[in-house]
Amino acid sequence: MKGKFITLEGCEGVGKSHQIRLLEEYLKKNQIKYYLTREPGGTPVSEQIRSVILDGKNVSMTDECEALLYAAARAQLLKEEIKPRLEAGELVLCDRYIDSSFAYQGYARGLGVEFIEKINSFAIQNFMPDYTLFLNLTPEQAFKRKGGVDKNDRLELSGMEFHQKVYDGYIELSRRYKERFIVIDASGEKQQTHAKIIGALKEKGII
Ligand code: TYD
Numbered sequence: 061m062k063g064k065f066i067t068l069e070g071c072e073g074v075g076k077s078h079q080i081r082l083l084e085e086y087l088k089k090n091q092i093k094y095y096l097t098r099e100p101g102g103t104p105v106s107e108q109i110r111s112v113i114l115d116g117k118n119v120s121m122t123d124e125c126e127a128l129l130y131a132a133a134r135a136q137l138l139k140e141e142i143k144p145r146l147e148a149g150e151l152v153l154c155d156r157y158i159d160s161s162f163a164y165q166g167y168a169r170g171l172g173v174e175f176i177e178k179i180n181s182f183a184i185q186n187f188m189p190d191y192t193l194f195l196n197l198t199p200e201q202a203f204k205r206k207g208g209v210d211k212n213d214r215l216e217l218s219g220m221e222f223h224q225k226v227y228d229g230y231i232e233l234s235r236r237y238k239e240r241f242i243v244i245d246a247s248g249e250k251q252q253t254h255a256k257i258i259g260a261l262k263e264k265g266i267i
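Taking the numbering used here, the leading residue of the sequence shown gets 61, the next gets one more, and so forth.
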């Protein structure tokens with residue numbers, strides 16, 4: 061794999077989307093070529109899978125079905141968009157990737173990391189991120205900052221207990237994958253968090 065593969069992770073409402081916008085501005089200003097995509101989604105097929113997963117009406121969806129749908133959306137995105145770009149030597153940024161499945165389905169839903177690894181090894185082959193930027197903010201801090209929950213989003217409707225499990229899962233992952241995880245303190249001002257992200261990417265020789 062010639063390119064660089066960077067993923068961004070974090071709990072709900074940590075300001076990930078805003079940080080991605082700031083990062084894009086920086087990359088454009090500095091004429092650094094990149095490709096940005098998101099999960100679940102990023103291709104027409106994966107976006108359709110996304111709407112099924114996030115549809116508030118699908119209350120009967122089993123945890124196993126959910127995990128497999130995320131993996132299916134990922135398999136499509138990887139083969140259609142990510143893999144060819146990495147092979148061409150590009151910088152690929154992905155808003156969420158396999159660590160979201162580890163944290164949300166593996167830890168919080170209780171399916172276990174091994175099960176997620178198993179279904180995803182088929183979906184992603186060996187395409188693991190070079191680095192994963194984890195925006196570290198507890199769900200309590202995040203929801204306070206965001207000012208509440210989106211009632212049309214099935215996953216955001218899950219209780220605080222669920223989001224705390226997701227957070228604990230991420231902390232566990234940051235220990236398990238020490239070499240890959242870059243933990244960014246996201247509790248400060250947006251510009252401070254942005255500066256930390258740029259600093260980390262420079263330090264790792266990505267930009
Ligand atoms: P989205 O609206 O994109 O949330 P965010 O802005 O926080 O990224 O919705 C994606 C949701 O899907 C989010 O709640 C995290 C969840 N998710 C999983 O549970 N497992 C996964 O593998 C992925 C990629 C996302």
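All C-beta atoms in this analysis are idealised placements derived from N, C-alpha and C, irrespective of residue type, glycine included.
Rounded C-alpha distance that separates residue i from residue j
i: residue 238; j: residue 120; result: 36 Å
i: residue 111; j: residue 69; result: 20 Å
i: residue 83; j: residue 258; result: 8 Å
i: residue 176; j: residue 127; result: 7 Å
i: residue 248; j: residue 183; result: 36 Å
i: residue 204; j: residue 148; result: 42 Å
i: residue 88; j: residue 118; result: 39 Å
i: residue 104; j: residue 228; result: 32 Å
i: residue 260; j: residue 178; result: 31 Å
i: residue 140; j: residue 265; result: 27 Å
i: residue 169; j: residue 66; result: 25 Å
i: residue 267; j: residue 187; result: 20 Å
i: residue 189; j: residue 94; result: 15 Å
i: residue 262; j: residue 122; result: 41 Å
i: residue 86; j: residue 116; result: 35 Å
Simplified DSSP assignment, three categories, for residue i
i: residue 190; result: coil
i: residue 219; result: coil
i: residue 253; result: helix
i: residue 66; result: strand
i: residue 179; result: helix
i: residue 242; result: strand
i: residue 119; result: coil
i: residue 98; result: strand
i: residue 82; result: helix
i: residue 171; result: coil
i: residue 152; result: strand
i: residue 197; result: coil
i: residue 112; result: helix
i: residue 73; result: coil
i: residue 259; result: helix
i: residue 130; result: helix
i: residue 264; result: coil
Nearest residue (CA-CA) to residue i, options the options
i: residue 232; options: 259, 220 and 159; result: 159
i: residue 108; options: 96, 90 and 130; result: 130
i: residue 220; options: 266, 83 and 199; result: 199
i: residue 57; options: 173, 150 and 91; result: In the structure as shown, the chain starts at 61 and stops at 267, and residue 57 therefore has no counterpart that could be examined.
i: residue 96; options: 138, 72, 234 and 206; result: 138
i: residue 136; options: 185, 194 and 192; result: 185
i: residue 243; options: 74, 167 and 194; result: 194
i: residue 165; options: 65, 67, 223 and 245; result: 223
i: residue 191; options: 240, 206 and 134; result: 240
i: residue 133; options: 180, 267, 148 and 197; result: 180
i: residue 246; options: 65, 66 and 73; result: 73
i: residue 197; options: 104, 250, 162 and 85; result: 250
i: residue 268; options: 90, 92, 94 and 142; result: A question about residue 268 goes unanswered here, because the residues of the chain that appear run from 61 up to 267.
i: residue 202; options: 66, 171 and 71; result: 71
i: residue 75; options: 189, 206 and 163; result: 206
i: residue 235; options: 163, 86 and 106; result: 163
Nearest-angstrom beta carbon gap, residue j and residue i [assumed within contact, 8 Å]
i: residue 63; j: residue 114; result: Not confirmed; about 29 Å, so no contact.
i: residue 151; j: residue 92; result: 7 Å
Does the stretch 70 to 82 come into contact with the stretch 241 to 255, if we say contact requires no fewer than three beta-carbon pairs (one atom in each stretch) closer than 8 Å? yes
Hey, is the stretch 99 to 113 in contact with the stretch 151 to 171, meaning 3+ C-beta pairs nearer than 8 Å? yes
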